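Heads up: the structure comes next, in structure tokens.
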Amino acid sequence: MSTRIQTGGRHLDRSKQVHFNWAGKQLTGYGGDTLASALLANGELLVGRSFKYHRARGLIASGAEEPNALVGLGTGAKFEPNQRATTTELFDGLVAKPQNAWPSLAFDVGAINKMMSRFFPAGFYYKTFIHPRFAWKHLFEPIIRKAAGLGAAPTEKDVDRYEYFYAHVDVLIIGGGIAGLASALAAGQAGASVLLVEQTAHFGGRAVVDGVDIDDEPAEIWVEETLAALREMPNVTIRNRTMGAGVYDHGYATVYERINDHLPEMITDHAPNMDAPRHRLWRVRAGRIVTATGAIERPLSFAGNDIPGVMLAGAVRDYLVNYGASVGDRVVIATNNDDAYRSAIALVEAGLDVPVILDARTTADGELPTLAREIGIRVETGKAISSVKGNKHVTGVGICSQAGEGAELEEIKCDAVAMSGGWSPVVHLWSHCGGKLNWDADQSMFRPDPNRPPLGYDGAGFVHVAGTANGYLDAAGVMEDAIKIGKLAAKETGHKPKATKVPSTFSAPENPIEPIWQMPQGMSRKLQMKTFLDYQNDVKVSDVRLAAQEGYQSVEHTKRYTTLGMATDQGKLSNINGLAILADSLNAEIPAVGTTTFRPPYQPISMGAIAGDARGELFKPIRQSPMHHWIDTNGGFWEPVADWRRPYCFQQNGESVGDAVTREILNTRQNVGLLDASTLGKIIVKGPDAGKFLDMMYTNMMSTLKVGRCRYGLMCTENGFLSDDGVVARIDDETFLCHTTSGGSDRIHAWMEEWLQTEWWDWNVYTANVTEQYAQIAVVGPNARKVLEKIGGMDVSADALPFMAFKDGELGGIKARPYRISFSGELSYEIAVPASQGQAFWDMCMEAGAEFGIQPYGTECLHVMRAEKGFIMIGDETDGTVIPQDLGLSWAVSKKKDDFLGKRAQQRSHMVDPKRWRLVGLKSVEPNEVIPDGAYAIDGTVRDNGVKHMIGRITSSYFSPTLNHAIAMGLVENGPERMGDIIDFPTTDGRVIKAEICDPVFLDPEGTRQNV
Amino acid sequence: MKRYSAFAIAREAARYHTGWERAWRSPEPKSHYDVIIIGAGGHGLATAYYLGKNYGITNVAVIEKGWLGGGNTGRNTTIIRSNYLQDPSAAIYEKARSLYETMSQDLNYNVMFSPRGVIMLAQTEHEIRGYQRTAHANALQGVKTEWIGPERVKQLVPIIELSGPRYPVLGGLWQSRGGTARHDAVAWGYARACSDMGMDIIQQCEVTGIDKSGGNVTGIQTTKGAIKCNKLGMVVAGNSGHLADMAGFRLPLESVALQALVSEPIKPCMDVVVMANTVHGYMSQSDKGEMVIGGGTDGFNNYTQRGSFHHLEETVRALIETFPMISRLKMLRHWGGIVDVTGDRSPIIGTTPVGNCYINCGWGTGGFKAIPGSGWAMAEVIATGEPQGLAAEFGLNRFQEGRFIDESVAAGVAH
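From first to last, the protein sequence lines are chains A and B. Going by the working numbering, the first residue of the first sequence is number 54, and it counts up by one from there. Going by the working numbering, the first residue of the second sequence is number 128, and it counts up by one from there.
The structure is reproduced here in structure tokens:
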């Protein structure tokens, strides 16, 4: 069984015991363990259940590529599903649970699927569950959903914090093995700014495990010295536990730092200085990106290669050397290359038994095999595993000839198997943004094609690959390549590389690999059905062959049909093996089949990190008017309006929202009301060509507007549809102030800029969005003038400040610009004051207005009052399909101008069709019956396609307390010609509301209330 | 064609599944076809399928430059709904939705249509009014939708946060018959059925030119040689502009990247599809357990099938606000597709300025849900040569006439 051995363990601190909980059991590991190594040391070989067949699975790898050992980590608000045990550093108090098994890992009911696996080949669900029709949703799908899904869903709100970092560097180096370190040193010495990131806690990569010597000393010493040298350099930043996640266009990269995942939760509680975010997502803009990401070992495809106890040979070595943990006492080695012999030798040196090395090659006479034989290990060449014996753990292997069909020659008892099918460079990051690959037949691997890199804005490649990731499997090659690439990246970012000596390296030479894609060569379909390619998704050799047989021959079809490579490891172990089987099935070369697309991220990254700080209050921060706080503490009932909050109404003394709105309307119409209109967009348009520009932007003629006057204007899209409206004021000859809707300020400003920058770049016009520079307060109602006169400071009489005029001056000692405009039909002033004076002026109005009955009012009161007057509201009367002419606004569409945005569009045949729906007022026949918003009118006829013929629709609908009658605005076919007609509005609850077509101006059509 | 069934699987299991035949043939092109469809995505294959099924036209080739179903058909978030606003849209999307209901049986291929229900959340007063309008329109159009309050939303989606600090959930438009389907299976099922009718699906064959004579299409040039045809249908989504250019006309389209992402799989926690237009994101849970997430389109035109990272950030932020539990899930993979967007967010189906050349494009961010309806309509246009039936109002001429079918409200968020 797997166990802790007495020696070894580079990362271990054996003096420090670490207690953790696995599947309800209290276990103990050492400081420096990963959860995986601690489980192995505790004899916990069974760590998970597979996705489809619920097969028992053990650890197979030691790093990020692990497909089996996914666990639920933590509890409550810190619970996280699908955490890899191999990348989880052990800490005191860690709690981990197995997944996808019920009631327990050892006795999983779902394992019934394993018995049925013969009936569940790739794509079986496309071929069955077809009848009866409703069974899929109600019977089959629920069962499948429940069985799938791996980890449990978190149930609580995340209590952790996340943040973004931004970095601009000359060279980003991803990977902290000897290649990354050497590249960083070369680039750093040249003076380039360098960010070096390593996804694990430790630097040095494989070299320190594999017994490489650098400059005649163990690699570890060179790694420490190089790290020390890099840390001395002010231009170099180094981060461990930090992974290169994605490479994007123009040298943009995401880098994922796990800051305190490895710390016991207690530390953050007890040490306030550890109050760091959990994860940090770096967004790096780099001149050059160097990926020194090493390689991942491939499994071998033999029957039973998924039984717990079967592990990658390199991982066996990692656990032994780094963590003093062994996968078993008697370990059979299966390989097609020399590297796996290192594991055999390490096992024997650790005092463990290696009964046999099965080398599928016909000869194995290199230095490492010779050494293995010398220390007494039996080496069998041309041999393979016919099948692994055992169920929940390995009990032995059958040996067969690699060349044959799997006839068992001998059975050997063992409790573990170490396998190696060769190494695949990690080319993901190279490929994310379009880097292409070549097939290296000698080494049986895809490696980056330096002639087809991802291209930057200047047409030059911006990613380089160094070391093993670039296809160099020997230490000397790695070192030479890495230094060359480091210098190149520095040179390409404008630095002068220094001449440096390449350190001498020594590692045992290796003889060539022989590609072995299934073991034995002629394995039957029956054996193929027990031979796993993708462990997590249970994709077998037989599945890929079935896909090819059924015509799913594109590698993408095979992937999607079989789910090969679609598990959480994204095919890190399975892709190359799978496409080699596909190529074999199709009688094609591997490069002709190609790879599937590599997509970011390299390893899954937390959603929390992607969102960063932008959550809760910081998710789309609310824009606040200067009076926000006052409104909040004076009964304001908020509603979200664009980026703002606006008060729907102000509730007094426990009254309902509806009652509040009614009170506000009546009070404003009878006395005086106060509205915070600061959210209205305000855009300054200035320059000699400002008038000419606004003539294009608005349907109205703006260039003729007199200084000191206001004009209501309409804006349309190029397609003629109404997009915004507002009052334009001419401040001086060259300066206009354009008001927009609250939601439109940014959009309209961008719209203006788009035209100025792309079409009329030679016009002398500048724009500035000054929305937040002003507080704007509307004083509305018959007593409005009295309030302002009481505040005093400026003549606001009808003569001095007539309707549709404005004036600059002072009110109550505050710089103010009152506009005589009205959106309610009442006597009304909208007064702009500097934002900093907004609250003071508001207070002044409230105080001065007290004797005149002043009360604040909200957006709903505003809406009802404007509807009573038949004023349109962008977004209510318009929806992107309405032109000004539909709304009776032809008076605001200039006939004199040669052109404006939308003019040509409005001349198209459908736009001038007399049957267009046009604006009318609607009065419910039953006075209290408010027509629902959005109701459609019908005429009782049915169209060819069976749809009831609609002749109009409600755009705004309210109960008017002023008129004591339900009123609505709507667009109706031939509406303006049908005054007095009664039409039907069916509701969704089956009623029909009758309404009379009338003029949309319900109140004071002569304007006697506002023009006083 | 051997039919698929549980019985067939049992039979094949006995011989280790060595007896399954090809789902579709992979022939070399013939020299002439009655109809050539360019583009073996869902829409192209559905067009071919209904040409055969509804009109008996089977001398058809479907030409594909990559692998069938490899464009937006294989990249979308598989949402199916028909709660559109305008009459012509509601008609074609509802036709599509109803065809999805029986697609598995029609094709003898389980496309896993799952009418799990779709909610479009209202998070502002403005949205409430908009969705209530849609509900009224749908009621008259015969599309079953319903306005529901926040309590019902919570009941349907227990993991939702109703009272987020920014945008509270005020209710939603609920279409219980909407849902999802397995996107690849739709393409594969149609391909198998088309192949079975004798049609040729020719993959890895790129169109390099369009042959015309006297203003009419006579054939195409491809990387596998020249192929003649009587009629040509172009159904290539994001690449429509290129193809139209080859044929000599222009289209009112913009091609932009639309992105999606999935989380690692988790046990079932959300049965329905939720779309949140105000915060700009939508999410469903696949049968595998992944949370399937999509957001908006990039703000710039582009043909690379990947998008900008900042759009993902916005989408993920929005969804964490709406579903706080996803913060501790991990993003497994994100990808992009190129969608072709029209000014009114409605498709173009109909004739072109070139004789015998028909086009189906402009499905923008929401084409998957329309596949069977789109194919049905396009087949009618090609077979009759006239823009009629479901396609009648979707012709190119609507842009000249200003007769927009504006769905920017219904398509407020990419989906």
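Glycine is no exception: its CB is placed at the ideal position from the N, C-alpha and C atoms. Only a predicted model underlies this, so the values are computations on that prediction, with no experimental measurement involved.
Query	Result
Chain A contact for residue 154(B) (CB, 8 Å cutoff)	no
Close beta carbons around residue 118(A), own chain, < 7 Å, minus the five adjacent residues each side	349, 622, 625, 626
Environment of residue 222(B) [buried if 16+ CB atoms lie within 10 Å]	buried
Neighbour flag for residue 128(B) against chain A, beta carbons, 8 Å	no
Contact list for residue 828(A) against chain B, beta-carbon separation under 9 Å	What residue 828(A) touches in chain B: nothing, since even the nearest Cβ is about 23 Å away.
Coarse secondary structure for residue 795(A), derived from DSSP in three states	helix
Cβ of residue 531(A) within 8 Å of any chain C Cβ	The structure shown contains no chain C; the protein chains it does contain are A and B.
Own chain, CB closer than 8 Å to residue 724(A), minus 5 neighbours either side, in chain order	834, 835, 836, 905, 906, 907, 908
Of the listed residues 958(A), 468(A), 966(A), 229(A), nearest to residue 409(A) (C-alpha basis)	468(A)
Sequence-distant residues of the same chain with beta carbon closer than 6 Å to residue 526(B), five excluded per side	379
Partners in chain B for residue 307(A), counting only beta-carbon separations shorter than 8 Å	436
Enclosing alpha helix (DSSP H) for residue 137(B) [first to last residue]	133-141
Cα-Cα separation between residue 528(B) and residue 338(B), rounded to whole angstroms	30 Å
Supposed close pair residue 435(A), residue 455(A) - CB separation, criterion 8 Å	5 Å
Whole-angstrom distance between residue 233(B) and residue 368(B), CA atom to CA atom	33 Å
Per-residue burial, residue 513(A) [other beta carbons within 10 Å of its own, 16 or more giving buried]	exposed
Within-8 Å CB hit, residue 203(A) to chain B	yes
Short CB-CB distance (under 8 Å) between residue 443(B) and chain A	yes
Min CB distance residue 496(B) to chain A below 8 Å	no
Spatially closest choice to residue 44(A) from 228(B), 137(B), 533(B), by CA coordinates	Since the first and last residues shown for chain A are 54 and 1065, residue 44(A) lies out of range.
Stretch-stretch touch, CB-based, cutoff 8 Å, three pairs: the region 131-151 of chain A with the region 83-100 of chain A	yes
Cβ separation of residue 375(B) and residue 481(B), assumed to be a contact under 8 Å, to the nearest whole Å	6 Å
Closest Cα partner of residue 435(B) within the set 630(A), 889(A), 301(A), 861(A)	301(A)
Proximity test, residue 396(B) beta-carbon vs the ligand PLP heavy atom, cut-off 7 Å	In the structure on display, the ligand PLP does not appear, and there are no ligands present to speak of.
Interface residues of chain B facing residue 301(A) [CB-CB closer than 8 Å]	433, 435, 436
Buried or exposed (CB count within 10 angstroms, at least 16 for buried), residue 433(A)	buried
Alpha-carbon to alpha-carbon, residue 705(A) and residue 538(B)	Because the pLDDT of residue 538(B) is 44, which lies under 50, any placement of that residue in the model is unreliable, and the number read from its coordinates should be weighed accordingly. So the two alpha carbons sit approximately 40 Å from each other.
Interface residues of chain B facing residue 613(A) [CB-CB closer than 8 Å]	201, 311
DSSP three-state assignment for residue 315(A), whether helix, strand or coil	coil
Residues of its chain near residue 953(A), where Cβ-Cβ distance is below 6 Å and the 5 sequence neighbours each way are ignored	749, 752
Nearest residue (CA-CA) to residue 507(A), options 303(A), 863(A), 755(A), 677(A)	303(A)
Three-state secondary structure (DSSP) of residue 242(A)	helix
Any C-beta of chain B under 8 Å from that of residue 884(A)	no
Cutoff 8 Å: residue 396(B) Cβ touching any chain A Cβ	yes
Bridge partner(s) assigned by DSSP for residue 1001(A)	995(A)
Identity of the residues DSSP links to residue 710(A) by a beta bridge	Paired residue(s): none; residue 710(A) is not in a bridge.
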